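In what follows, a structure is listed as structure tokens, so that the remarks can point back to it.
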């Protein structure tokens with residue numbers, strides 16, 4: 633498997649980030665403690681996506697800037713956490729459901745939203761990610777809704 637730095641280099645060279653690259657990055661964030669160079673490479677990927685230096689193959693005409701920031705913070709906290717492996721998707725979903733969305737349709741708008749989030753919402757993002765990690769450790773089979781656990785397949789699969 634490639635490193636995040638290698639994925640960054642490839643994405644910059646090719647001009648795009650594929651779903652496979654995104655999956656590899658997610659796997660790397662879940663599987664190990666990220667060295668500082670890898671965390672910086674992750675930051676650079678996000679900046680390159682926002683500045684459109686690289687394009688995501690699944691690019692939409694709008695972006696929720698806070699998703700990338702929550703993902704990055706989740707990777708940071710997981711890299712310094714010890715114990716059992718946690719699902720980064722669960723952590724991000726739990727956190728995002730408790731944070732305000734920050735949508736943008738232009739590069740300038742995305743930069744503005746990112747600056748706002750990094751300034752005014754940074755502490756809230758950190759706290760929500762930490763709360764998600766704590767909650768997931770308490771309920772390793774998934775988050776409990778009422779009396780029953782909601783299965784991922786039920787949520788992800790179309791009706």
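Numbering (the numbering used here), first residue to last: 633 to 791. From the three backbone atoms N, C-alpha and C, an ideal C-beta is built for every residue, glycine too. Note that the structure is predicted; figures quoted are calculated from it, not measured.
If we count the other Cβ atoms within 10 Å of its Cβ and call it buried at 16 or more, is residue 633 buried or exposed? What you label residue 633 is simply residue 1 of the chain shown in a count that begins at 1. The residue in question, residue 633, is exposed, as its Cβ has fewer than 16 Cβ neighbours within 10 Å.
Could you tell me the boundaries of the alpha helix (DSSP H) in which residue 639 lies? Position 7 of the chain shown, counting from 1, holds the residue named residue 639. Note, residue 639: alpha helix (DSSP H), 636–646.
Of the residues 687, 667, 694, 668, which one's Cα is nearest the Cα of residue 642? Mapped onto the chain shown, residue 642 falls at position 10. For residue 642, the closest C-alpha among the options 687, 667, 694, 668 is that of 687.
Helix, strand or coil: which one does DSSP assign to residue 688? By one-based count along the chain shown, residue 688 stands at place 56. Residue 688 falls in the strand class under three-state DSSP.
Taking Cβ positions, are residue 681 and residue 649 nearer each other than 8 Å? For the purposes of this step, residue 681 is taken as residue 49 along the chain shown, with counting starting at 1. For the purposes of this step, residue 649 is taken as residue 17 along the chain shown, with counting starting at 1. Cβ distance < 8 Å, so residue 681 and residue 649 count as in contact.
Since residue 736 and residue 695 should fall inside the 8 Å C-beta cutoff, what is the C-beta to C-beta distance between them, to a whole number of angstroms? Sequence index remark: in the chain shown, residue 736 carries index 104 (1-based). Sequence index remark: in the chain shown, residue 695 carries index 63 (1-based). That belief holds up - the Cβ atoms of residue 736 and residue 695 are roughly 6 Å apart, short of 8 Å.
Assuming the contact rule is C-beta atoms closer than 8 Å, residue 768 and residue 704 should be a hit. Round their C-beta distance to whole Å, please. By one-based count along the chain shown, residue 768 stands at place 136. By one-based count along the chain shown, residue 704 stands at place 72. Beta-carbon to beta-carbon, residue 768 and residue 704 are separated by about 18 Å, too far to satisfy the 8 Å threshold.
If you reduce the DSSP assignment to three classes, tell me which class residue 729 lands in. Looking up residue 729 in the chain shown gives position 97. Residue 729: coil per DSSP, three-state reduction.
Are the CB atoms of residue 754 and residue 726 nearer to each other than 8 Å? One-based indexing of the chain shown puts residue 754 at position 122. One-based indexing of the chain shown puts residue 726 at position 94. No, the pair does not count as a contact, with Cβ atoms beyond the cut-off.
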